[in-house]
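Each protein sequence line maps, in turn, to chains A and B.
Start counting the first sequence at 29; every next residue gets the next number (the working numbering).
Start counting the second sequence at 4; every next residue gets the next number (the working numbering).
Ideal Cβ positions, reconstructed from N, Cα and C, are used throughout, including at glycine.
All figures in this text were calculated on a predicted structure; none of them were measured in a lab.
What follows is a set of notes on a single structure, which appears directly below.
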Amino acid sequence: MIGGSDRTLNPVMALALLLWSFTMIALGEPLWPLIIAVPLAAYSKLLFTLLPAYAWLSIPPLLVLLVLYGLEAALETTFRVVLVAFIFTASIGLVNPLDYAALASTLKLPPAAGLTIPLVFKLTLYMRYTVLEAIAALTGRGFKGLKLYTKLPIPLTIHVITSSTMLAEALHQKKISKPPWKPKFTPLDVAVAAYILAATIITLIF
Amino acid sequence: MGEFTVENVWVKNILRGVTLNVEGGVTSIAGPNGSGKTTLLRVMAGLVKPDKGSVKRPRKIGSSWQNPYFSFTKPTVLEELSETVGGERGALEMLRSMDLENIAGKSPFTLSMGQARLISIILAVAWKPEAVILDEPTNGLSCEWKARVWELLRSMKTTIVIASHDVEFALAISDRIVVLNEGTIVGEGGPKDVIKDLRTLGLQEPEAW
Ligand SMILES: Nc1ncnc2c1ncn2[C@@H]1O[C@H](COP(=O)(O)OP(=O)(O)OP(=O)(O)O)[C@@H](O)[C@H]1O
Ligand SMILES: [Mg+2]
């Protein structure tokens, strides 16, 4: 499996968690999704791998908003950005990619369509590695500072194009077929469902 | 001439107390897959911070890594090299001296892996850094092209550090070989001195190339 982990969530549960989290954020209750997203992200073992990426993700809006609107607005937006990242890590990262393919075929979609969800996610992980690799290569040619960063997009773009061509060819040749199983529900799914239910009820009552 | 001083460097459990001094000449880091060669080079280049230990390094370090295509930013090989050496004449001369003028007008991104690697190595040395670090410089190169890399590197006066499991190439080009296994240095010396260490690790010696 692409994630290299046997800690899995049912894809249906993962998508439910995603939808519920965004609903809660929209309702102005971001703390509930945060409380479950952080331990789940940690449990998937992806949290620490992704921490630098989260930092990258949150620094630009933080700086821009800090200058434009002041500290409070900046912190609030940054919190939202990081929260969304956590929710994605928790829900998408914990699903066996092949379960998405299985889910897709249950919905009468081509299985490969289901696979694009985890692939996009894994690409973000891979991009972090790729950016570091490209920085290493350009530094080794003597580029630094502003020059380095203006040149960086060129090899990165070419790399993305060539690797997605290769990926498309590989997917085409593989003819991803319908996985012969249905995704199982695990105790983790039950726990997540219980939490969502409890949090929703508490929010509705108070 | 660039000097590296690596002192008791630890990186996770990948490098375990590596101490190494390099000044001048060609030094190769040899060792089996996963022994930590690339990680050691990254520490020396300043791309990875050690958990423990210290590294002194020259200010200007040229380098070429596993994927040579990441080094490219221009539409043609000639423009690429011209930017580095500061002019088309110098660049063309350099390509000609290496018998590469036939690819001068090509896009670097369409070069074969071997061609791309050679150009990436040339770009790493052409800006006259004080030291050069090369990860697997002969990967994917034919014998003839290995010989070109050999000539290029041997003509340079800077400190050169190479990581390679190409034992024959390492033996042929190095003044000094450092043998790495499971993150520690298990042997060190001239090519003749380390042949036994390499053999113990199952790194076979050459049939001639
Ligand atoms: N960023 C990283 N995070 C965790 N482990 C890593 C990382 N980079 C490398 N490793 C691990 O460290 C070990 C040494 O890797 P390294 O690439 O330095 O070896 P190498 O000697 O260059 O191998 P090869 O001959 O295959 O190129 C490997 O087990 C590798 O899986
Ligand atoms: Mg390596």
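From Tyr97/A, Pro139/A, Ala69/A and Lys136/A, residue whose alpha carbon lies closest to that of Leu111/A: Ala69/A
Relative to ligand 2, is the shortest distance from any of its heavy atoms to the C-beta of Lys40/B smaller than 7 Å? yes
For Ile229/A, which residues from the same chain have a beta carbon less than 7 Å from its beta carbon, with the 5 sequence-adjacent residues on both sides left out? none
Under 7 Å: does the beta carbon of Ala165/A sit that close to some heavy atom of ligand 2? no
According to DSSP, is Phe171/A helix, strand or coil? coil
I'd like to know whether the C-beta of Thr185/A is nearer than 8 Å to at least one C-beta of chain B. no
Is the beta carbon of Pro49/A sitting closer than 8 Å to the one on Ala65/A? Looking at the sequence shown, residue 49/A is not Pro but Ser. In contact: Ser49/A and Ala65/A (Cβ atoms closer than 8 Å).
Contact set between the region 65-86 of chain B and chain A, restricted to residues whose Cβ is under 7 Å from the partner: Gly65, Ser66, Ser67, Trp68, Asn70, Tyr72, Phe73, Ser74, Phe75 and Thr76
Does the region 46-60 of chain B touch the region 110-127 of chain B, meaning 3 or more C-beta pairs lie closer than 8 Å? no
Count the other CB atoms, across all protein chains shown, that sit within 10 Å of the CB of Asp178/B; report buried if there are 16 or more and exposed otherwise. exposed
Asp54/B: beta carbon under 7 Å from a heavy atom of ligand 2? no
Whose CA, out of Ala198/A, Thr193/A, Glu197/A and Thr158/A, lies closest to the CA of Ile241/A? The structure shown does not extend to residue 241/A, since chain A is modelled only from 29 through 234, so no value can be given for it.
To the nearest whole angstrom, what separates the beta carbons of Ile180/B and Val197/B, a pair I think is in contact under 8 Å? 5 Å
Three CB pairs or more closer than 8 Å across the region 160-178 of chain A and the region 73-81 of chain B: yes
With hydrogens ignored, establish whether the beta-carbon of Gly205/B is closer than 7 Å to any heavy atom of ligand 1. no
Is there at least one Cβ from chain B nearer than 8 Å to Leu166/A's Cβ? yes
Contact belief for Ser115/B with Thr141/B at Cβ below 8 Å, rounded distance in angstroms: Not quite, the Cβ-Cβ distance comes to about 14 Å (not below 8 Å), so this is no contact.
By DSSP, does Gly31/A sit in helix, in strand, or in coil? For Gly31/A, the predicted model reports a pLDDT of 38, less than 50, meaning its position is unreliable and no value from the coordinates is stated.
Stretch pair the region 115-131 of chain A + the region 92-107 of chain A: three plus CB contacts closer than 8 Å: no
Boundaries (first-last residue) of the alpha helix (DSSP H) holding Val218/A: Pro215 to Ile233
State yes or no: is the C-beta of Asn11/B nearer than 7 Å to some heavy atom of ligand 1? no
What is the rounded straight-line gap between the Cα of Glu10/B and the Cα of Ala175/B? 28 Å
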